[in-house]
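Reading through the structure tokens given below for one structure.
In the numbering used here, the protein residues as written are 185 to 390.
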């Protein structure tokens with residue numbers, strides 16, 4: 185009624201606008217049972233967090249990395265705090281690293297299990313020609329493509345939500361050593377020894 189007016193016809197429909205959902209989420213997020221007298225800040229309970237302020241905080245941090253901007257939106261009641269954003273980000277990273285160690289391979293968690301998967305590998309070479317350049321870059325880009333079908337849509341490999349079991353630490357877990365440690369390889373200076381063949385290499389002559 186506040187957003188759409190007192191018209192009965194507009195209120196009889198089943199549709200809900202995004203503005204209505206956003207307003208309801210912000211009201212739920214910023215409401216409190218009791219506020220201290222003279223306090224200008226609101227302490228938000230994690231159990232009352234709604235998707236909108238979490239989405240705003242994580243999106244702003246991903247695009248700007250500016251703490252002051254997130255804290256300003258938090259003071260306005262539009263976003264979660266910067267510390268809460270960092271806690272969620274750390275928990276997401278730790279959950280992914282735990283899955284890497286459990287699977288014993290570094291594989292994106294959004295890949296589905298049981299699907300035919302193809303890959304494309306290409307070199308990434310950046311050799312700057314500027315006289316002021318001091319470094320170059322050489323790497324490998326790997327792209328994975330999955331092919332679902334109507335009969336087989338694969339199995340979701342992602343486990344429980346990060347918000348259901350948040351991480352109790354602020355330290356990121358380490359990636360598997362097999363992924364981060366590349367052992368040195370030394371090419372031999374001489375011809376490598378070849379094993380003797382145990383088969384007859386002579387072809388019959390007609």
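We put the beta carbon where it would ideally sit given N, CA and C, even for glycine.
Three or more beta-carbon pairs separated by less than 8 Å are not found between the region 281-301 and the region 252-272, which leaves the two stretches without contact. Going by beta carbons, residue 354 and residue 243 fall outside the 8 Å limit.
Classified as buried, residue 245 has 16 or more neighbouring CB atoms from the shown chains inside 10 Å of its CB. No Cβ-Cβ contact shorter than 8 Å links residue 284 with residue 356. Residue 289 sits in coil when the DSSP states are folded into three classes, being neither helix nor strand. Secondary-structure assignment with DSSP links residue 306 through a beta bridge to 325. By a beta-carbon distance limit of 8 Å, residue 301 contacts residue 328. Their separation comes to about 6 Å.
Between the alpha carbons of residue 307 and residue 230 lies a gap of roughly 45 Å. Per DSSP, reduced to three states, the secondary structure at residue 297 is strand. Here the alpha carbon of residue 214 sits roughly 38 Å from the alpha carbon of residue 339. Burial state of residue 279 is buried, judged by a 10 Å Cβ sphere holding 16 or more other Cβ atoms.
In this structure, residue 324 sits near residue 305, with a CB-CB distance shorter than 8 Å.
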